[in-house]
Structures are given as structure tokens and as C-alpha cells.
Amino acid sequence: MNNFSEVQGRKWKGEGTTQNLESISIGRCYDYIRVVNPAVGEKNCSELWEAFINAFINKDPCNILPQDFELFFKLSLHPIPADKSLFWENNQLLVNSFSDRARRYMTLGDTLFGFFGDFLNWCGKENSTGLDYESCPTAAECENNAVDAFWRMASMTYAQHSSGVVHVLLNGSAEGGAYPVRGFFADYEIPYLQRDKISQIVIWVVDDIEGPNIDSCGYNTVQILEDRLKALGYDVTCTDNYEPVMFLLCLDNPDHSKCTLSSSAPAAAQRGPISSDRGGSWNRLMFVSFVGFLFRSALVH
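Residue numbers (numbering that gives the first Met the number 0): 0 to 300.
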């Protein structure tokens, strides 16, 4: 007897294919090569779409391998600037803000192939050229699903083409530790880094503004990561609560105690009938302006 989900048209537990996937993907391709990063040069966006969808349609949605996307990645590949790679775990939205669409760093999501599929979902049906908009398999249901296969190949490709100083931004407040010992970074990025192309690996461990402080440099899972990278022969440095990232967090949380700047103004300059509300607004304005200045300065230096 069919279970309830199958009766309702849902074979899998996961979200179905994103509506208008073709239009979104081709549009993202043109957005990337025309606006986001024109330096990559011309790409045939329709050809990219065909290579992408042919990797998984008309196949068992639980038997899709990273190599099935090989043509797509060959067609979408472009150089990743030296010293600009930024790997991450458990903080995607923060990383996206920090990289600023490849203006500061080029994360996986800032490459053409990553930009193409970021935050989308997709799967096909066996013996059918159609997409399944009702449901797609989750990783728990089958490891070799189309989305995970895509991102495994994306991670391997991104790691292989990273060079110079490589950066890693980890969430020190993540439950279970900042560095998952089983995850995309551990399993599909570190093993594919090219030792002869990398001069240094810089780790930043940044806590959420609201905490807690679960992991730090030289402690717990971060120590495991440092030891692993050093054993592989990399020059590794680690910094807790890297200031430029903390400044970015504080721009969104200017009133939090972690973002308070101690006043250095003379007592005489603080005299006067200023209401607490006006004073607080002025302090917040000055804080945001000062943080913005320090953030820009830290990135320059």
C-alpha cells in the first residue's frame, strides 16, 4: 500500500525542484557574465543549462554521481584569483556578505558554477525527461542525489583551482564544533587542494554575536583542523573573532554589548543637556561610521 506522501504525489521527503529552474539558471548565468564578473568572458548560457540538466534527467534520482556534472563544470570553469579563495562551514549568509559577490573574496558561491546553482533545488525522474516539482530525495534518503552530487563536484573543482593564501571562515558558535570532521570542506575540499599552489591557509573562527563561544583556535574541532592541515604540509595560522568580520556583524547589531566602543572623549566634552535618546542615537551613528572606517581599513591592510 502506498504511503501518504505517495498518495499526495510526493515520492520523496525533500523539497521539489525549484519552479522556473531553467529561467532562473540561464538568467543567473547572464547576470554573472554581464554584471557580477564580466572578466570571466563569454559563456554559452543555454549550453551550460543543457549540460547541467542532462547530468541528472532521465536517471534514477538516487544514482547521480559528481562525475555526471563533469561537462557542466568544464564549460563553466574560469580562473579563481590567487589569494581570494574563501572556504566556510556553518555561516553561509555571513560569508556571502563578507565576500561581497567576489569584490573582496571569491567563495564557491561567487564562481559562475556556484552562482548558477546557489539556493536552488532540483531532481529528475527515472525514465522521464521531466523534472520532479513535487519532491526530491534528501541526503538521508539517498547519498547520491542530484543536488549533493553537484555540490561535491563544485567543491572539488573550487578547491583544485584555489591558490596563494587560502582563507577559511568558521562559526565558533556552531553546535557540534566549528569544523565538521565530516562535511563538504573536510571531505570534498581539503583533499583536493593543490599543495604546490598554496602558500598559506588562514583560519578565522568567529562567534555569533549572541554566542556561545564553543570553539576557538587551538581548541576542540579547530585544533583537529589545524593538525590535519599541518600534517599535510600547509603553513597554517588561526585568528579568533577576526575584526573585519566582527565589524560586519556589529553593523547589524550596533547596540550589542560586544559592539560597544569605550568613550575616549574628555569629561568636559560630555557636559551639556543632551537627552539620553539623542545621545544614544548619536553614539550609534558614530559607532556605525567608525566600524565602517575600520572595516575598510582592515581589508586594505
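Ideal placement from N, C-alpha and C gives every residue a C-beta, glycine not left out.
Item                                                                                                         : Value
Three-way DSSP call (helix, strand, coil) for Ile79 in this model                                            : coil
Simplified DSSP assignment, three categories, for Pro60                                                      : coil
Contact set for Tyr233: own chain, Cβ-Cβ below 6 Å, skip 5 residues either direction                         : Ile200
Lys58 beta carbon less than 8 Å from that of Thr137                                                          : no
Asn170 - partner residues in DSSP beta bridges                                                               : Val205
Identified DSSP bridge partners for Gln66                                                                    : DSSP output for Gln66 lists no bridge partner at all.
Assigned secondary structure, Trp11 (DSSP; H/G/I helix, E/B strand, else coil)                               : coil
Distance, Ile79 Cα to Asp30 Cα                                                                               : 18 Å
Between the CA atoms of Ser172 and Asp206 - distance to the nearest angstrom                                 : 5 Å
Presumed contact (8 Å Cβ cut-off) between Phe68 and Ala158, rounded CB distance                              : Not a contact, Cβ separation roughly 15 Å.
Outcome for Ser24 when other beta-carbon atoms lying within 10 angstroms are tallied against a minimum of 16 : buried
DSSP state of Gly199 mapped onto helix, strand, coil                                                         : Looking at the sequence itself, residue 199 is Gln, so the reference to Gly does not match. DSSP places Gln199 in strand when its eight states are reduced to three.
Residue(s) in a DSSP beta bridge with Leu85                                                                  : His166
DSSP-derived helix/strand/coil call for Leu192                                                               : coil
For Cys249, the first and last residue of its enclosing alpha helix (DSSP H)                                 : 242 to 251
Bounding residues of the alpha helix (DSSP H) (the contiguous stretch that carries Asp147)                   : 145 to 159
For Leu130: DSSP bridge partner residues                                                                     : Gly123
Cys28 - containing beta strand (DSSP E), residue span                                                        : Careful: Cys28 lies outside any beta strand (DSSP E), inside the alpha helix (DSSP H) at 20 to 30.
Inter-residue spacing [alpha-carbon to alpha-carbon] between Leu92 and Val235                                : 25 Å
Opening and closing residue of the alpha helix (DSSP H) in which Asp226 lies                                 : 219 to 230
Three-state secondary structure assigned by DSSP to Cys216                                                   : coil
Span separating the alpha-carbon of Asp195 from that of Pro211                                               : 37 Å
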